[in-house]
Amino acid sequence: AGAVRTPLSGPAEPPARCVCYGLGRFGRCPAARYQLAFLLLLLDELRVSTGARGSSGVSTASVPAHAALSPQVPPSRCALFDPAFSAREAAALRALGLCLLPENEEGKHGIEGSATLFYMVHCGKALYNNLLWSNWSPAALSRLVIIGNSFRGIEERLLSRILERDYSYIAKVLKGVEEVALPSHPRYLDTFNDTSVHWFPLDKLQELSPEVWDFVEEPMYQECEDLEIIRKGE
Numbered sequence: 001a002g003a004v005r006t007p008l009s010g011p012a013e014p015p016a017r018c019v020c021y022g023l024g025r026f027g028r029c030p031a032a033r034y035q036l037a038f039l040l041l042l043l044d045e046l047r048v049s050t051g052a053r054g055s056s057g058v059s060t061a062s063v064p065a066h067a068a069l070s071p072q073v074p075p076s077r078c079a080l081f082d083p084a085f086s087a088r089e090a091a092a093l094r095a096l097g098l099c100l101l102p103e104n105e106e107g108k109h110g111i112e113g114s115a116t117l118f119y120m121v122h123c124g125k126a127l128y129n130n131l132l133w134s135n136w137s138p139a140a141l142s143r144l145v146i147i148g149n150s151f152r153g154i155e156e157r158l159l160s161r162i163l164e165r166d167y168s169y170i171a172k173v174l175k176g177v178e179e180v181a182l183p184s185h186p187r188y189l190d191t192f193n194d195t196s197v198h199w200f201p202l203d204k205l206q207e208l209s210p211e212v213w214d215f216v217e218e219p220m221y222q223e224c225e226d227l228e229i230i231r232k233g234e
């Protein structure tokens with residue numbers, strides 16, 4: 001969880017909220033349970049206070065001053081959605097103090113002025129693309145941190161014409177994003193492989209061409225052959 005301190009070490013506002021998409025059937029799947037456990041540890045890591053120790057026992061004295069004074073991210077300020085959740089899994093999440101989003105947003109979640117961490121491990125590319133579209137301005141993107149599939153990895157694996165046609169917001173933001181891969185561990189290779197922490201420094205976003213911000217058409221994916229997400233109403 002300490003890997004996410006990097007985005008908090010700069011001038012950007014640290015997250016006050018968290019949204020989690022695509023956690024999966026953690027009642028059945030060990031990898032999903034590990035991802036849930038990491039999310040809970042992450043929330044605990046972000047509940048920092050100057051010179052104190054969190055419940056994990058980790059000293060926060062070395063945390064940057066602005067992060068140490070940041071709003072906490074308690075479980076009640078973390079909302080989750082996965083259309084695959086069973087009723088028992090939903091009840092378990094509520095028992096942990098977490099919230100459930102009422103409907104499938106398809107990743108189209110505007111931050112509405114609150115710095116937000118999005119936890120989206122192994123989600124479909126359209127989910128990341130929709131999230132970027134919903135916050136398509138330097139002011140909004142600079143307040144996002146995304147833990148999910150490496151954007152650089154997406155760029156390397158897709159043909160340029162497919163990336164620009166189907167996932168244009170990922171393509172356009174590549175020069176404005178910083179990312180750091182989560183440290184690998186042999187026990188969790190299938191759980192967090194290709195996962196990075198992404199953030200969007202305001203100065204890098206402002207260096208992008210003004211035309212980048214002019215096109216704000218909602219993604220429709222009419223030509224996409226493998227969408228990788230469950231659409232609303234399906």
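Positions 1 to 234 (full-length UniProt numbering) are the ones given, in order, by the sequence shown. Glycine included, each C-beta is placed from N, C-alpha and C at the ideal position.
Rounded straight-line distance, which links the Cα of residue j to that of residue i
{"i": "Thr191", "j": "Leu46", "result": "21 angstroms"}
{"i": "Asn149", "j": "Leu127", "result": "11 angstroms"}
{"i": "Cys29", "j": "Met120", "result": "16 angstroms"}
{"i": "Asn193", "j": "Ser184", "result": "7 angstroms"}
{"i": "Ala181", "j": "Phe151", "result": "10 angstroms"}
{"i": "Pro15", "j": "Leu144", "result": "8 angstroms"}
{"i": "Arg94", "j": "Arg161", "result": "42 angstroms"}
{"i": "Phe118", "j": "Gln35", "result": "13 angstroms"}
{"i": "Gly24", "j": "Pro219", "result": "24 angstroms"}
{"i": "Glu156", "j": "Tyr221", "result": "20 angstroms"}
{"i": "Arg231", "j": "Val216", "result": "20 angstroms"}
{"i": "Ala87", "j": "Ala37", "result": "19 angstroms"}
{"i": "Ser55", "j": "Leu41", "result": "Residue confidence for Ser55 is low, a pLDDT of 41 falling below 50, so the modelled location carries little weight and cannot support an answer."}
{"i": "Ser168", "j": "Ala92", "result": "37 angstroms"}
{"i": "Arg17", "j": "Tyr188", "result": "26 angstroms"}
{"i": "Leu159", "j": "Lys108", "result": "25 angstroms"}
{"i": "Val186", "j": "Glu13", "result": "What sits at residue 186 in the sequence shown is Pro, not Val. Their backbone Cα atoms lie some 33 angstroms apart in a straight line."}
Buried or exposed by the 16-neighbour rule on C-beta atoms within 10 Å, applied to residue i
{"i": "Asp166", "result": "buried"}
{"i": "Gly177", "result": "A quick correction: the sequence has Val, not Gly, at residue 177. By the neighbour-count rule (16 or more Cβ atoms within 10 Å), Val177 is buried."}
{"i": "Val63", "result": "Reliability fails at Val63, whose pLDDT of 34 lies under 50, so the model's placement of it is uncertain and no value is given."}
{"i": "His122", "result": "buried"}
{"i": "Asp226", "result": "exposed"}
Proximity winner among the options, relative to residue i (alpha-carbon distances)
{"i": "Leu163", "options": "Glu207, His198 and Asn129", "result": "Asn129"}
{"i": "Leu39", "options": "Ser184, Leu80 and Ile154", "result": "Leu80"}
{"i": "Gly110", "options": "Cys224, Val19 and Glu13", "result": "Val19"}
{"i": "Leu141", "options": "Asp44, Ile170 and Ala95", "result": "Ile170"}
{"i": "Ala32", "options": "Glu89, Ala115 and Leu227", "result": "Glu89"}
{"i": "Leu43", "options": "Ile147, Phe151, Ser160 and Asp194", "result": "Ile147"}
{"i": "Phe26", "options": "Leu158, Glu112, Leu41 and Ala84", "result": "Ala84"}
{"i": "Leu205", "options": "Leu227, Val173 and Pro219", "result": "Val173"}
{"i": "Ala115", "options": "Arg94, Glu105, Leu93 and Ala139", "result": "Ala139"}
{"i": "Gly153", "options": "Glu179, Ser168 and Ser137", "result": "Glu179"}
{"i": "Cys224", "options": "Ser76, Gly124 and Ser137", "result": "Gly124"}
{"i": "Ser76", "options": "Glu106, Leu96, Asp82 and Ser168", "result": "Leu96"}
{"i": "Asp203", "options": "Glu217, Lys175, Ile229 and Met220", "result": "Lys175"}
{"i": "Asp214", "options": "Lys108, Asp226, Pro186 and Ser137", "result": "Ser137"}
{"i": "Cys78", "options": "Ala91, Lys108, Tyr21 and Asn104", "result": "Tyr21"}
{"i": "Asp82", "options": "Ala92, Asn104 and Ala91", "result": "Asn104"}
Assumed close pair residue i, residue j - CB separation to whole angstroms, cut-off 8 angstroms
{"i": "Ile229", "j": "Glu112", "result": "Going by Cβ atoms, the distance from Ile229 to Glu112 rounds to 22 angstroms, so no, they are not a contact pair."}
Cutoff 8 angstroms: residue i Cβ touching any chain B Cβ
{"i": "Leu159", "result": "Among the chains of the structure shown, chain B does not appear; only one protein chain is present."}
Stretch-stretch touch, CB-based, cutoff 8 angstroms, three pairs: the segment 88–100 with the segment 122–136
Look at the beta carbons and you see the segment 88–100 not touching the segment 122–136: under three pairs across the two are nearer than 8 angstroms.
If we count Cβ pairs, one from each stretch, closer than 8 angstroms, do we get three or more for the segment 206–219 versus the segment 178–198?
no
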